[in-house]
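In my numbering, the protein residues as written are 5 to 92. For every residue, glycine included, the Cβ atom is placed at its ideal position computed from N, Cα and C. The model shown is predicted, which means the values in this text are computed figures rather than measured ones. Remarks on the structure that follows.
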């Protein structure tokens, strides 16, 4: 399953292009992030998005047992258009 994107990945020009294209589509964008870099990634992304977007982050618990959950759970970040979300 991999461990998610690193801060270095998120700072890359290629990732920025992908993120910009996704955010311009008006859809929410979510991706896995490395647990050890979670705070740094959230700070970095927060500084790069415009004011109409917001960020949620959390832990997705996966698996059918505690042992599986420990192995499969993943940290994630979701960026969404605040104005569209508030209308729901």
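For residue i, count neighbouring C-beta atoms within 10 Å of its own C-beta (all shown protein chains included) and say buried if the count is 16 or more, exposed if not.
i	result
residue 70	exposed
residue 92	In this predicted model, residue 92 has a pLDDT of only 47, less than 50, meaning its place in the structure is not dependable; the value taken from the coordinates is given anyway. Exposed, since its Cβ has fewer than 16 Cβ neighbours within 10 Å.
residue 30	exposed
residue 67	exposed
residue 45	buried
What do you reckon, are the CB atoms on residue i and residue j nearer than 8 Å?
i	j	result
residue 59	residue 83	yes
residue 16	residue 56	no
Just reading off the beta strand (DSSP E) that residue i is part of, what are its end residues?
i	result
residue 56	Premise fails: residue 56 is in no beta strand (DSSP E) and is neither H nor E.
On the DSSP letters alone, give me the boundaries of the alpha helix (DSSP H) that residue i sits inside.
i	result
residue 22	17-28
residue 52	42-52
task = Taking 8 Å as the threshold, find out whether the segment 68-82 comes into contact with the segment 28-44 through three or more Cβ pairs.
result = yes
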